[in-house]
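Data block below; observations after.
Number of protein chains: 2
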Amino acid sequence: MDSRDNVQRSRVTINDIAEATGFAASTVSRALSRPERVNAATRERIVAMARELSYVPNTHARALTSGRTETVAVLVSDVTNPFYFGLIRGTQHQLRAAGYTHLLIDTENSGELESHTLSKMRQSIDGAIMATSRLSRRLLAELAAELPLVAVNRMVRGVESVVLDSPSGVAQAAEHLISLGHREIVYLSGPQNSWANEARWRSLVTTAARHGLPVHRLGPFPAGRMSGSAAADALINTRATACIAFNDLLAIGMLTRLRERGIGVPEEISVVGCDDMFGADFCHPTLTTLAAPIEQAGRVAVSMLLARLNDGAPAARQSAVLPTHLIVRESTGPAPR
Amino acid sequence: MDSRDNVQRSRVTINDIAEATGFAASTVSRALSRPERVNAATRERIVAMARELSYVPNTHARALTSGRTETVAVLVSDVTNPFYFGLIRGTQHQLRAAGYTHLLIDTENSGELESHTLSKMRQSIDGAIMATSRLSRRLLAELAAELPLVAVNRMVRGVESVVLDSPSGVAQAAEHLISLGHREIVYLSGPQNSWANEARWRSLVTTAARHGLPVHRLGPFPAGRMSGSAAADALINTRATACIAFNDLLAIGMLTRLRERGIGVPEEISVVGCDDMFGADFCHPTLTTLAAPIEQAGRVAVSMLLARLNDGAPAARQSAVLPTHLIVRESTGPAPR
DNA sequence: ACAGGAATGGCAACCGTTTGCCGCCCTCGA
DNA sequence: TCGAGGGCGGCAAACGGTTGCCATTCCTGT
Numbered sequence: 001m002d003s004r005d006n007v008q009r010s011r012v013t014i015n016d017i018a019e020a021t022g023f024a025a026s027t028v029s030r031a032l033s034r035p036e037r038v039n040a041a042t043r044e045r046i047v048a049m050a051r052e053l054s055y056v057p058n059t060h061a062r063a064l065t066s067g068r069t070e071t072v073a074v075l076v077s078d079v080t081n082p083f084y085f086g087l088i089r090g091t092q093h094q095l096r097a098a099g100y101t102h103l104l105i106d107t108e109n110s111g112e113l114e115s116h117t118l119s120k121m122r123q124s125i126d127g128a129i130m131a132t133s134r135l136s137r138r139l140l141a142e143l144a145a146e147l148p149l150v151a152v153n154r155m156v157r158g159v160e161s162v163v164l165d166s167p168s169g170v171a172q173a174a175e176h177l178i179s180l181g182h183r184e185i186v187y188l189s190g191p192q193n194s195w196a197n198e199a200r201w202r203s204l205v206t207t208a209a210r211h212g213l214p215v216h217r218l219g220p221f222p223a224g225r226m227s228g229s230a231a232a233d234a235l236i237n238t239r240a241t242a243c244i245a246f247n248d249l250l251a252i253g254m255l256t257r258l259r260e261r262g263i264g265v266p267e268e269i270s271v272v273g274c275d276d277m278f279g280a281d282f283c284h285p286t287l288t289t290l291a292a293p294i295e296q297a298g299r300v301a302v303s304m305l306l307a308r309l310n311d312g313a314p315a316a317r318q319s320a321v322l323p324t325h326l327i328v329r330e331s332t333g334p335a336p337r
Numbered sequence: 338m339d340s341r342d343n344v345q346r347s348r349v350t351i352n353d354i355a356e357a358t359g360f361a362a363s364t365v366s367r368a369l370s371r372p373e374r375v376n377a378a379t380r381e382r383i384v385a386m387a388r389e390l391s392y393v394p395n396t397h398a399r400a401l402t403s404g405r406t407e408t409v410a411v412l413v414s415d416v417t418n419p420f421y422f423g424l425i426r427g428t429q430h431q432l433r434a435a436g437y438t439h440l441l442i443d444t445e446n447s448g449e450l451e452s453h454t455l456s457k458m459r460q461s462i463d464g465a466i467m468a469t470s471r472l473s474r475r476l477l478a479e480l481a482a483e484l485p486l487v488a489v490n491r492m493v494r495g496v497e498s499v500v501l502d503s504p505s506g507v508a509q510a511a512e513h514l515i516s517l518g519h520r521e522i523v524y525l526s527g528p529q530n531s532w533a534n535e536a537r538w539r540s541l542v543t544t545a546a547r548h549g550l551p552v553h554r555l556g557p558f559p560a561g562r563m564s565g566s567a568a569a570d571a572l573i574n575t576r577a578t579a580c581i582a583f584n585d586l587l588a589i590g591m592l593t594r595l596r597e598r599g600i601g602v603p604e605e606i607s608v609v610g611c612d613d614m615f616g617a618d619f620c621h622p623t624l625t626t627l628a629a630p631i632e633q634a635g636r637v638a639v640s641m642l643l644a645r646l647n648d649g650a651p652a653a654r655q656s657a658v659l660p661t662h663l664i665v666r667e668s669t670g671p672a673p674r
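Protein chains in written order, with the working numbering: chain A, 1 to 337; chain B, 338 to 674.
Okay, structure coming up:
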């Protein structure tokens, strides 16, 4: 296609095509959006003319009558959290492939903003993917009743979701630490309204209990690198020789702080993160962490949503669970002494 | 506001308000969007009723007639490049504050996709902010003639822009290296169609020339961490003791590779990155780099765009230049021997 | 040869807002 | 007292599609 055409101010409407081909506007509309409703020859002529005139359908006009916008919102609590990289990538690819527009919304960690934005957007989107929503279960379920919705890393009855099986990953991490001789593991807690946070903590409790070991929990800490200092300092006050942090951001922040304070990782303390996000493999020391197929999660979420949008069906399976696994790097080692 | 209302399926239109208040729909419309056109008392009643019914104006209907969408597209070449964090943040805040919708588009490093997407979106957006566009000057200028546009980190005649003064930062970096005794500095080149890449290289050439020192250029390398290995290996083949990389992603990739190959940084080679992006302060060794006020750049870009949209004026200043400065960390040190 | 029905295209209403234009009423100055 | 003009509100026509319904044509089976 000639790139000059791309730039051309799109002023050609369905009526222009109608006039040019001699068909009625309604026929043109059908030829373009419901191909089986018109004769093949007709459709061909219309499509050809549309191309020739480089017709671009008007999204708004279409949305106004049909209600469909071919747009899906993806809500993340913080765009600048590298954890979302994969999710954004995944949803983006899948949506683009399906011809949908990808509307990325940063809710800035506020449930308030989540539901508010969504209500404003209601008419502009066909559905939404909510990653790590801060909404209450009730509110989330209510929303899901109004709007096709898929939640990521959040499990709520009545809401389709794709979750990362970090509990089993946390179990792996705990086994890893225990086998290295650690006898006291601390969990550095993330935001208290985070579903994943609870799931991880519970899994750690269970695994440690199986070995008859104590676990403690510190926090909650906001899920940012900044909180790492506070988390590290709190950790130092305990006798623990190993910890699992809510996510890599927190873990990396801790690494920095521990280094500042001259505490050897992993010689004195072993640190495990979660998510294997951007940076986990080049921080110092490199971080042992739970890898999650987050990009795949994005793709799956989109697939579920689109299936729902097209079939109108309430979805076969209610939720997909994706496996996670431990990646051992430099930040974990044998317990001291 | 009651959060339940947020969720409510928005089916109340301007006509409902008209009926409820006894005014005509046109009056309601004016009361809501052109307040000075109606009597204060009238407006008040209408606004009150709108609130009571929790009316949400229909974006599409509005866009259809008025042509304005209150949406601005922000195009980045790769959402998962942390360099864009600040930009996304900055544009987002400023747009949100102005009541605009932020449409983030990942062009996946393809100029083709840039112009294509933009033409598809033409009717859905009021303007666009193009960060590090891959488009040719001509195409970019053509686009700018069609659509209010602000370019970030790209200077083209006839296109408003905000650029980061990395040339002066590169000069600082070069002086820094030279004062440390380095006599041969290599530039690791980024994508060849990147404006910033050229600007940085030219600045390095100039500065080195002032000191009568030779400079070389290696590459081009794609601006990703992956390319770091190739870049590092190429660097090792030269006699250079210091290098400046197109960006931090590349620099961090190099750091990893140099470490793998047992080459000490900064003992044997000093490395300078550009952008001070997420990760530069916790990689190993921490990276000396050029800090750019990229978030501010985003805010400024939005301000320029909005000014243009509101006044319709062709903008007072054509481009804003933001200062950069060198942040010295661990990856640079005295030249060996 | 004819009723029934599928395939195909046109008509016109409608989606929710904006906006040009017109008309009413009130006020003010002459 | 009357005309001019400003303030304010209503009418109706867009905007660019979609879609329910109807008319026509052409098959098909009997």
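No residue lacks a Cβ here, since even glycine has one placed at the ideal position from N, Cα and C.
Cβ neighbour criterion (16 or more within 10 Å) applied to residue i
| i | result |
| --- | --- |
| Thr669 of chain B | buried |
| Pro191 of chain A | buried |
| Thr575 of chain B | exposed |
| Arg348 of chain B | exposed |
| Ser227 of chain A | buried |
| Ala40 of chain A | exposed |
| Gly253 of chain A | buried |
| Arg157 of chain A | exposed |
| Arg674 of chain B | exposed |
| Ala48 of chain A | exposed |
| His519 of chain B | buried |
| Arg138 of chain A | exposed |
| Arg598 of chain B | exposed |
Pick from the options that is closest to residue i, judged by C-alpha positions
| i | options | result |
| --- | --- | --- |
| Ala50 of chain A | A:Ala18, A:Ala41, A:Val74 | A:Ala18 |
| Val215 of chain A | A:Ala240, A:Phe221, A:Asp233 | A:Ala240 |
| Cys580 of chain B | B:Pro660, B:Leu586, B:Ile606, B:Ala567 | B:Ile606 |
| Leu64 of chain A | A:His102, A:Ala231, A:Leu118, A:Ile125 | A:Ile125 |
| Ala628 of chain B | B:Asp612, B:Ala638, B:Val639, B:Ala617 | B:Asp612 |
| Asp165 of chain A | A:Glu108, A:Gly224, A:Arg202 | A:Arg202 |
| Asn446 of chain B | B:Val375, B:Pro603, B:Leu412 | B:Leu412 |
| Asn584 of chain B | B:Val507, B:Asn395, B:Asn352, B:Met458 | B:Val507 |
| His439 of chain B | B:His453, B:Ser452, B:Glu449, B:Leu424 | B:Leu424 |
| Pro671 of chain B | B:Leu441, B:Thr350, B:Glu512 | B:Glu512 |
| Thr289 of chain A | A:Ala208, A:Thr59, A:Leu255, A:Ala230 | A:Leu255 |
| Pro504 of chain B | B:Ser470, B:Leu517, B:Ala545 | B:Ala545 |
| Val72 of chain A | A:Ser179, A:Leu32, A:Met121 | A:Met121 |
| Gly90 of chain A | A:Leu140, A:Asn310, A:Ala301 | A:Ala301 |
| Ile185 of chain A | A:Trp195, A:Leu218, A:Leu250 | A:Leu218 |
| His325 of chain A | A:Gln172, A:Leu149, A:Gly212 | A:Gln172 |
| Leu659 of chain B | B:Arg636, B:Ile351, B:Leu646, B:Phe615 | B:Arg636 |
| Ser566 of chain B | B:His397, B:Ile600, B:Gln429 | B:Ile600 |
CB contact below 8 Å: residue i versus chain A
| i | result |
| --- | --- |
| Leu555 of chain B | no |
| Gly527 of chain B | no |
| Arg426 of chain B | yes |
| Ser640 of chain B | no |
| Phe707 of chain B | With chain B covering 338 to 674 only, the question about residue 707 of chain B has no answer from this structure. |
| Asp612 of chain B | no |
| Cys419 of chain B | Per the sequence presented here, residue 419 of chain B reads as Pro, with Cys not at that position. Pro419 of chain B counts as touching chain A. |
| Leu440 of chain B | yes |
| Ser461 of chain B | yes |
Within-8 Å CB hit, residue i to chain B
| i | result |
| --- | --- |
| Phe278 of chain A | yes |
| Asn15 of chain A | no |
| Asn193 of chain A | no |
| Asn247 of chain A | no |
* Note down, one range per segment and in chain order, each beta strand (DSSP E) of at least 3 residues found wholly within the stretch 490-576 of chain B. => You should have 497-501, 522-525, 552-555.
* Asked: If you scan the stretch 246-270 of chain A from start to end, which runs of the alpha helix (DSSP H) of 4 or more residues do you find wholly inside it?
  -> Those alpha helix (DSSP H) runs which fall completely within the stretch 246-270 of chain A and span 4+ residues are 248-260.
* Is the stretch 411-423 of chain B touching the stretch 382-400 of chain B in the sense that three or more CB pairs, one from each, lie closer than 8 Å? -> no
* In chain order, which continuous runs of the alpha helix (DSSP H) of length 4 or greater are located wholly inside the stretch 268-328 of chain A? -> Segments of the alpha helix (DSSP H) lying fully in the stretch 268-328 of chain A: 294-311.
* For the stretch 353-427 of chain B, list the alpha helix (DSSP H) runs that are entirely contained and at least 4 residues long, ordered along the chain. => Whole alpha helix (DSSP H) segments, 4+ residues: 362-370, 377-389, 396-403.
* Contact the stretch 477-497 of chain B vs the stretch 429-441 of chain B: 3+ CB pairs below 8 Å -> no
* To do: Let me know the alpha helix (DSSP H) ranges lying completely inside the stretch 104-141 of chain A, each 4 residues or longer, listed in chain order.
  => 111-121
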